[in-house]
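K.L.:
Adding 1023 to a residue's 1-based position in the sequence shown gives its number in the working numbering. Backbone N, C-alpha and C define an ideal beta-carbon position, used for all residues, glycine too. Predicted model, so just to flag it, every value in this text is computed and none were measured.
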Amino acid sequence: MTEEVPHILLVEDEINLARGICFNLEQEGYKVSHVESGEESLERLKYDRFSLIILDVMLPGMDGFAVCRQIRQLDARVPVLILTARGDDGDRITGLSSGADDYLTKPFNLGEFLLRVSGMLRRSAWYRPEPVEESYRFGDNEIYLLSYHAKTAQGDIDLTDLEVRMLTLFFRNEGQPIPRATLLEEVWGYRSDTETRTLDNFIVRLRKYFEPDPGNPVYFQTVRGVGYRFNRISSDKPH
Ligand code: CA
């Protein structure tokens, strides 16, 4: 099997910044397509597949969050990295609830940016779902990792690539606390010393999908000072 060069779509209206990003990504060996508006990116997505979408929030016309929601209609799985000049947590949550997988605040450090990109593009063997499509059940949820699909109490949803990575990690370590650094490293490819709220906001999203009461989670539990643990309650376990 030949390894394809990852093709990245950059949606950024600041031309100088876009040039810099394209240059650096190309130096890393990626193929990059650049568009200047959300509308153009949605056009591109109708006939092109990408390995990663890097999406600015402040765009002329439709903003990045609205674009992200529409991207998810066209391609549920593709990793989406949101770039924004604003750094407050509210924006982060908006970004992640609109279907993005990670968030980087401008101005960002180039090394940090490239690290996030390579982490999101990583296709390591371990998180690949088993070749046999078996669903994973807990509560009212049925998760199909191979087809990136889940049935929940609120209806059917399509899962993103990073959601599947995280769920795979949780299911394989059921009942055990997983340290934050491990989750960041295995799902996003971060170094463990990275300060980020992305993980916590991502957990908020999983709880909204799968918990009967997201404010009082029973499946995706916080382990104070450590990280998170996935636990099925005893009635969910197969006999
Ligand atoms: Ca902009």
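Give the straight-line distance between the Cα atoms of T1205 and F1193, rounded to the nearest whole angstrom.
P.N.:
11 Å
K.L.:
Can you tell me which of the three DSSP states V1028 falls into?
P.N.:
coil
K.L.:
Spell out the partners DSSP gives A1173 in its beta bridges.
P.N.:
I1166 and I1180
K.L.:
My guess is that L1137 and L1168 are in contact by the Cβ rule of under 8 Å, so how many angstroms apart are they, rounded?
P.N.:
So it is not a contact: roughly 28 Å between Cβ atoms.
K.L.:
Counting by C-beta, which residues lie closer than 5 Å to a heavy atom of ligand 1, in chain order?
P.N.:
Cβ atoms closer than 5 Å to ligand 1 belong to D1036, D1079 and M1081.
K.L.:
What does the Cβ neighbour count give for R1042, buried or exposed, with the cut at 16 atoms within 10 Å?
P.N.:
With a threshold of 16 other beta carbon atoms within 10 Å, R1042 falls short and is exposed.
K.L.:
Buried or exposed for F1131, please, with buried defined as at least 16 other CB atoms from any protein chain shown within 10 angstroms of its CB.
P.N.:
exposed
K.L.:
Check each candidate in L1097, I1226 and L1127 and name the one with the smallest Cα separation from E1080.
P.N.:
According to the sequence displayed, residue 1080 carries Val and not Glu. Out of L1097, I1226 and L1127, L1127 has the C-alpha closest to the C-alpha of V1080.
K.L.:
Under 7 Å Cβ to Cβ from E1049, same chain only, skipping five residues before and after it: list those, please.
P.N.:
V1055
K.L.:
Any idea if Y1251 is buried or exposed, counting beta-carbon neighbours within 10 angstroms, 16 or more meaning buried?
P.N.:
buried
K.L.:
If you draw a straight line from the alpha carbon of V1246 to that of P1200, how long is it in whole angstroms?
P.N.:
7 Å
K.L.:
In whole angstroms, give me the CA-to-CA distance for I1031 and L1075.
P.N.:
5 Å
K.L.:
Just the C-alpha distance for A1148 and D1086, rounded to the nearest angstrom, thanks.
P.N.:
Its pLDDT being 38, under 50, A1148 is placed unreliably by the model, and nothing is read from it.
K.L.:
How many angstroms separate the CA atom of G1198 from the CA atom of F1161?
P.N.:
Straight across, the Cα-Cα distance linking G1198 with F1161 is about 13 Å.
K.L.:
On the DSSP bridge assignment, give the partners of Y1251 in chain order.
P.N.:
I1201 and T1245
K.L.:
To the nearest whole angstrom, what separates the beta carbons of L1185 and P1237, a pair I think is in contact under 8 Å?
P.N.:
The Cβ separation is near 19 Å, so there is no contact.
K.L.:
Within 10 angstroms of the Cβ of F1046, are there 16 or more other Cβ atoms? Answer buried if so, exposed if not.
P.N.:
Exposed: under 16 other Cβ atoms inside 10 Å.
K.L.:
Quick check on the DSSP output: the beta strand (DSSP E) that includes I1077 runs from which residue to which?
P.N.:
Segment L1075 to D1079, the beta strand (DSSP E) holding I1077.
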